[in-house]
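Below is one structure; the comments refer to it alone.
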Amino acid sequence: MSSRIMDSYNDIVKSLRREDKTTQARLQSIIFDNLFVSQFDPFPLVANERCGLWYVRPDQIAETAYFKSTDGHTHEWRFSTRRLNLNLLPLLATERTIVLVDSTRKGKLLPDALSKTVPIWCSVLNYIMFEGENVPDQFSELAAGNWLATPREMVSESEHASISERIASFASEAKRLGLVSKRMLLEHLGARQPILPCWMWPGKKGTVRERADCFTICCVSASARGSRPPGWNHSAPYVQGAGDDHELWAPRALDASSFWNDVYPETAPNLRVVESGNVCSWLSEEELLRRVEAIINIKLHRANIPTDDSTTVHDHNTLSIDISPLGNTGIYIGQITENIDIEVLLRYAPNLHHVVVLSKDFTVQAPENCSVAVSHYRVESTKKGAKQLRDILPRSVANVVPSPSSSVVVLCDTGKDLAVGVALCLLGKHFSPTWVSAPGPVNKDIVKQHLSKISECRKINPSRNTLQSVNTFLM
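See below:
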């Protein structure tokens, strides 16, 4: 089949999907599913990015995580070395039980991220923590199976056994790279107790039970199976996993945060989309989309964020920016969501000599006589942008030698992807994996070690394409 015919076929499929699952139906389904998720509010709610963010209101979110379903796909199971999710350990230490929220649109009870990726993560950490240690009697059988616990409703015995056989090698690799250690786990958790998953979904009986002898991650799938779950009293069809892949259906600039923070609470008669906790059923799809875009444009206007190619610059006396130092390397990475003045960065990054901006829409403004060099690359934080990074890297890191006395700030639209790629290249060129000495030969293991240290400084999620671009440049 020619690529042109295939593209046309995909366009038709996407069009049919949009017609069957309107924005109105999706938003109403998300609100409905949030009511189920809110039942677990006594426990800290963790949104599994990206889909899970739609089902946990911003005021409910205690933390976020990156457990990918692809890491749990059949015969492709793995313990991700670029998505360690170690930020959950301190939360587990203080709360003991947390609720991880995600969803799936595929007619399943649970996404693979919850049924297999999270169990793999728990079992690898437990394997490392208890290796060579005495195991409490109540966990002896679980330990004999390499600590793997999976939901029998979703994972067959044969698949469970196949995953269990790989846990030891996953743990060995994580230790070899220095990404996870027994000492580190005990320092974060404060006790040698296993991390055990459990599972909940709409219609499942039971409650979350806090235990004194282990830490618990309750994996909650927010969406029900079927087109009309119990309690659904709306004319629009229910959409399972409505928040999944929102870039395929959501209007421009509408994401989970803007929906809950701006669209949901809007009360102006000519703008409101939600009334008494439900999407206004009398709105046509066209009117709903018009109102959503109007609400978002008003928000952008109030924040003085440009909606075109203008170059509005904020007052640098009041603006703050989201950047994080990478130890004492002199490298900072962060997010750019508006045009900003160089004076803002000078407040946060002492001895600033160079700024690298990777953004299609925003830049850093500096006067002509400024001593700080600004390199701006108009690239989107998308799969296409990550591939373009391969051509940008040689230019973006050329003649940049970061140090505490000569710092560099790298910014991208998310602060989690493209900026991380540039930072990895700078670290690979100028630092060892400990960040305290000169570099040696660089290979994929070295890149993984740098990536692990970056994740200790900031929440990141570099795409596979970004890391491939980094590896191509460094190796």
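Here UniProt numbering is used: position 147 in the sequence shown is 147, and no number is missing along the way.
For every residue, glycine included, the Cβ atom is placed at its ideal position computed from N, Cα and C.
S407, DSSP secondary structure in three states: On the sequence shown, position 407 is the one that residue 407 refers to. Strand at S407.
With H, G and I counted as helix, E and B as strand and the rest as coil, what does DSSP make of A65? Residue numbering aside, residue 65 sits at position 65 when the sequence shown is read from its first letter. In the structure shown, A65 sits in a strand (DSSP, three-state: E or B).
Considering only residues of the same chain and omitting the five flanking positions on each side of D315, which have a CB-CB separation below 6 Å? Start at 1 with the first residue of the sequence shown, and residue 315 comes out as number 315. Reliability fails at D315, whose pLDDT of 46 lies under 50, so the model's placement of it is uncertain and the value that follows must be treated cautiously. Once the five neighbours on either side are set aside, D315 has no close Cβ partner at all.
Can you list, in chain order, the stretches of the beta strand (DSSP E) that have 3 or more residues and sit fully within the stretch 322-383? Counting only runs of 3 or more, we get 322-325, 331-335, 352-358 and 373-377.
Segment limits, beta strand (DSSP E) that includes T216: What you label residue 216 is simply residue 216 of the sequence shown in a count that begins at 1. Its beta strand (DSSP E) spans residues F215 to S221.
Proximity to A174 [Cα-Cα], best of Q468, L451 and K459: As a position in the sequence shown, residue 174 is number 174, starting the count at 1. Minimum Cα distance to A174 is reached at L451.
If you drop the 5 nearest sequence neighbours on each side, which residues of the same chain put their C-beta closer than 6 Å to that of W232? Counting from one through the sequence shown, the residue named residue 232 turns up at place 232. Excluding its 5 nearest sequence neighbours in each direction, W232 has C-beta neighbours in its own chain below 6 Å: Y238, listed in chain order.
Are the CB atoms of V180 and I98 within a distance shorter than 8 Å? As a working note, residue 98 is residue 98 in the sequence shown. As a working note, residue 180 is residue 180 in the sequence shown. Cβ distance not < 8 Å, so I98 and V180 don't count as in contact.
Is there contact between the stretch 252-266 and the stretch 287-296, where contact requires at least three CB pairs shorter than 8 Å? Three or more beta-carbon pairs drawn from the stretch 252-266 and the stretch 287-296 are found closer than 8 Å, and the two stretches are therefore classed as touching.
Endpoints, the beta strand (DSSP E) within which P197 is located: Translated into the one-based positions of the sequence shown, residue 197 becomes position 197. Where P197 is concerned, the enclosing beta strand (DSSP E) stretches over I195 to M200.
May I ask you to report which of helix, strand or coil DSSP gives E141? Here residue 141 refers to the residue found at position 141 of the sequence shown. DSSP, read as helix, strand or coil, puts E141 in helix.
By how many angstroms is the C-alpha of M129 removed from the C-alpha of L185? For the purposes of this step, residue 185 is identified with residue 185 of the sequence shown, where counting begins at 1. For the purposes of this step, residue 129 is identified with residue 129 of the sequence shown, where counting begins at 1. Pairing L185 with M129, the inter-Cα distance amounts to about 7 Å.
CB P439 to CB Q449, shorter than 8 Å? Taking the sequence shown and counting its residues from 1, the one referred to as residue 439 is at position 439. Taking the sequence shown and counting its residues from 1, the one referred to as residue 449 is at position 449. 8 Å or more divides the Cβ of P439 from the Cβ of Q449.
How is the beta strand (DSSP E) around D102 delimited, first residue to last? As a first step, residue 102 must be located in the sequence shown, where it is residue number 102. D102 -> beta strand (DSSP E) spans T97 to D102.
Within the continuous beta strand (DSSP E) that includes A47, where are the two ends? Position 47 of the sequence shown, counted from the start, is the residue given in the question as residue 47. Residues L45 to N48.
Between S310 and L84, what straight-line distance do the alpha-carbon atoms span, to the nearest angstrom? To locate residue 310, count along the sequence shown from 1; it is residue 310. To locate residue 84, count along the sequence shown from 1; it is residue 84. Legend: pLDDT at S310 = 33, less than 50; position of this residue unreliable, no value from coordinates given.
Quick check: what's the CA-CA separation for A398 versus L467? Reading the sequence shown from its first residue, position 398 is the one you call residue 398. Reading the sequence shown from its first residue, position 467 is the one you call residue 467. Straight-line Cα distance between these residues: approximately 19 Å.
Based on the DSSP output, what are the partners of N278 in its beta bridges? What you label residue 278 is simply residue 278 of the sequence shown in a count that begins at 1. N278 is bridged to E275.
8 Å contact criterion, which S115 and P151 should meet: CB distance rounded: The count along the sequence shown starts at 1 and reaches residue 115 at position 115. The count along the sequence shown starts at 1 and reaches residue 151 at position 151. A Cβ-Cβ distance of about 5 Å is found for the pair S115 and P151, placing them in contact under the 8 Å criterion.
Taking the alpha-carbon positions, what's the V357 to A386 distance? Position 357 of the sequence shown holds residue 357. Position 386 of the sequence shown holds residue 386. Linking V357 to A386 through their CA atoms gives a straight-line distance of about 14 Å.
What residue from W435, F362, P441 and K429 has the CA that sits closest to L411's CA? On the sequence shown, residue 411 is found 411 positions in, with the first residue counted as 1. Comparing alpha-carbon positions, the option among W435, F362, P441 and K429 lying closest to L411 turns out to be F362.
Three-state secondary structure assigned by DSSP to R105: As a position in the sequence shown, residue 105 is number 105, starting the count at 1. Of the three classes helix, strand and coil, the one that applies to R105 here is coil, per DSSP.
How many Å lie between D244 and W199 at the Cα? To locate residue 244, count along the sequence shown from 1; it is residue 244. To locate residue 199, count along the sequence shown from 1; it is residue 199. CA-to-CA, the gap between D244 and W199 works out to about 20 Å.
As a quick exercise: from V442, R347, Q138 and L89, pick the residue whose alpha carbon is nearest that of V409. Position 409 of the sequence shown, counted from the start, is the residue given in the question as residue 409. Comparing Cα positions, the closest option is R347.
Contact between the stretch 103-113 and the stretch 48-60 is defined here as three or more beta-carbon pairs at a separation below 8 Å; is this criterion met? Cβ pair count under 8 Å is three or more, so yes.
Alpha helix (DSSP H) runs wholly inside the UniProt domain "Rit1 DUSP-like" (375-474), at least 4 long, in chain order: Taking only runs of at least 4 residues, the alpha helix (DSSP H) segments lying wholly in the UniProt domain "Rit1 DUSP-like" (375-474) are 383-396, 418-430, 444-457 and 464-474.
Using the three-state DSSP reduction, which class does N233 fall into: helix, strand or coil? Start at 1 with the first residue of the sequence shown, and residue 233 comes out as number 233. Three-state result, N233: coil.
Note the first and the last residue of the continuous alpha helix (DSSP H) segment covering residue 529. Past the boundaries of the shown model lies residue 529; the chain is included only from 1 to 475, so the question cannot be answered.
For S169, which of Y127, H188 and T329 has the nearest alpha-carbon? The residue given as residue 169 occupies position 169 in the sequence shown. Nearest C-alpha to S169: Y127.
With distances taken Cα to Cα, identify the nearest neighbour of L89 among L189, R57 and T70. Position 89 of the sequence shown, counting from 1, holds the residue named residue 89. Relative to L89, the option among L189, R57 and T70 whose CA is nearest is L189.
Could you tell me whether the Cβ atoms of Q365 and G415 are closer together than 8 Å? The residue you call residue 365 lines up with position 365 of the sequence shown. The residue you call residue 415 lines up with position 415 of the sequence shown. The answer is no: Cβ separation not under 8 Å.
Go ahead and label N465 buried or exposed: buried means 16 or more other beta carbons lie within 10 angstroms of its beta carbon, across all protein chains shown. To locate residue 465, count along the sequence shown from 1; it is residue 465. Buried: at least 16 other Cβ atoms inside 10 Å.
Whole-angstrom distance between A242 and A62, CA atom to CA atom: Within the sequence shown, numbered from 1, the residue matching residue 62 stands at position 62. Within the sequence shown, numbered from 1, the residue matching residue 242 stands at position 242. Distance between the alpha carbons of A62 and A242: 22 Å.
Verify whether the separation of the beta carbon atoms of R82 and P462 is less than 8 Å. Looking up residue 82 in the sequence shown gives position 82. Looking up residue 462 in the sequence shown gives position 462. Annotated as proximal: R82 and P462, with beta-carbon spacing under 8 Å.
8 Å Cβ cutoff met for V220 and L100: Translated into the one-based positions of the sequence shown, residue 220 becomes position 220. Translated into the one-based positions of the sequence shown, residue 100 becomes position 100. When the beta-carbon positions are compared, V220 and L100 come within less than 8 Å of each other.
Flag this pair as yes or no: are the beta carbons of S281 and G330 separated by less than 8 Å? As a working mapping, residue 281 is identified with position 281 in the sequence shown. As a working mapping, residue 330 is identified with position 330 in the sequence shown. It is not a contact, given that the beta carbons lie outside the stated cut-off.
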